[in-house]
Amino acid sequence: MLLTIFAVGLVAQFVKPVGDALQDKTFIGGALFSLVGYVLYDAVKELSASFRTPPEVEATSDDLRLLVAGAFAAREVSICFFGYTGESLFSAVKQQLVWAERDPGSTRKVAIRMLVPDFSRAMTVPSRVGPDGAPEDDRAFRVRLENICIDYAKQLAECAAQLAASHPVEVSCEYRVYQGIPREKVCVFNNRVVLHGRYDITATSKHGGQLLYDPDGLRTDLRIWSSDRLSDGPKVRQWVEVMESEWKLASRTDWQRIE
């Protein structure tokens, strides 16, 4: 779990009033969460366009909202995801698109790219837990997961269309599918910050009385790399190249179609 000190440090770098208060030692720790909740939207518009992160930290999927908000402070926003269903990132991105429709600030271009498994193919994970723990393909489960992703894609497409219609902002949100099981969870923000973790592919859940192999992305621990740290530069560049290659090879979908 991300420690409180990371949350304080992250907000202090993104939101100047909070950072100043910390320096003056006038900030009371117990007021942090209420303050952030109150000022986050207005403060996002004033974030530094150079995306920064604190020293080496680990985060969880629950901390994506602050990182997505930081990415949206830039004039050109680029967010690329590779993983399972992308539930946690979807929620954070949708919230920022809604806020940007009210006031986009300096943002003039937004590109959201989501890479999820090809649930139309037989899979070992996600799947049904068979005898002796052996995975058994479960088409109904795959269809349910695919429908979740389709719904996410259409919601983001609707938000993108509303933002583009309201302001001079170029917006694109696209989903593609890759072959294979969801082992890795990767998020790249503005080609400067990378979050990476590995799913527990043996994690299980129950649905309709069946036990299923169902990776829990919300509990996946993520390591942060930032190009603001010289030692992280090569790793960030490596992941950016990997993500571009995966995107190029992934299959297109028509999920963004709004009916």
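Per the working numbering, residue 461 is the first one in the sequence shown, and the count goes up by one each step. Glycine is no exception: its CB is placed at the ideal position from the N, C-alpha and C atoms. Keep in mind that this is a model prediction, so the values were computed, not measured.
Looking at the DSSP output, residue 712 sits in a beta bridge with 636. When C-alpha distances from residue 565 are compared across 663, 534, 594 and 700, the shortest belongs to 534. Put simply, the region 662-676 does not touch the region 566-577. Fewer than three CB pairs are less than 8 Å apart.
With respect to the 9 Å criterion, residue 644 and residue 542 are classified as neighbours on the basis of their beta carbons.
For the region 518-555, the full-length beta strand (DSSP E) segments reaching 3 residues or more read 518-520 and 536-542 along the chain.
By the neighbour-count criterion, in which 16 or more other beta carbons inside 10 Å mark a residue as buried, residue 553 falls on the buried side.
For residue 587, the enclosing beta strand (DSSP E) begins and ends at 587-589.
Bridge partners of residue 685 according to DSSP: 654. Note on residue 625: under 16 other CB atoms within 10 angstroms of its CB, so exposed under the neighbour-count rule. Collapsing the DSSP output to three states places residue 694 in a helix. Following the DSSP letters along the chain, one finds residue 603 inside the alpha helix (DSSP H) bounded by residues 599-626.
Put simply, the backbone Cα of residue 627 is about 7 Å away from that of residue 561. Contact between the region 607-625 and the region 682-692 is absent: fewer than three C-beta pairs spanning the two stretches fall below 8 Å.
Counting the other CB atoms within 10 Å of its CB gives residue 669 a total below 16, which places it among the exposed residues. In the DSSP annotation of this structure, the continuous segment of the beta strand (DSSP E) that includes residue 571 starts and ends at 569-577. Each residue's CA atom was taken as its position, placing residue 616 and residue 536 some 18 Å apart. C-alpha of residue 665 to C-alpha of residue 531: approximately 33 Å in a straight line. Residue 580 sits exposed, since fewer than 16 C-beta atoms from the chains shown fall within 10 Å of its C-beta. Of the residues 578, 559 and 584, the one whose Cα lies closest to the Cα of residue 623 is 559.
If you check the CB distance, residue 635 and residue 549 do not come in under 9 Å.
When C-alpha distances from residue 585 are compared across 667, 663 and 715, the shortest belongs to 663. In the structure shown, residue 665 adopts extended strand secondary structure according to DSSP, grouped into three states. The DSSP-derived three-state label of residue 646 is strand.
If you compare the alpha carbons of 648, 633 and 705 with that of residue 713, the shortest gap goes to 633.
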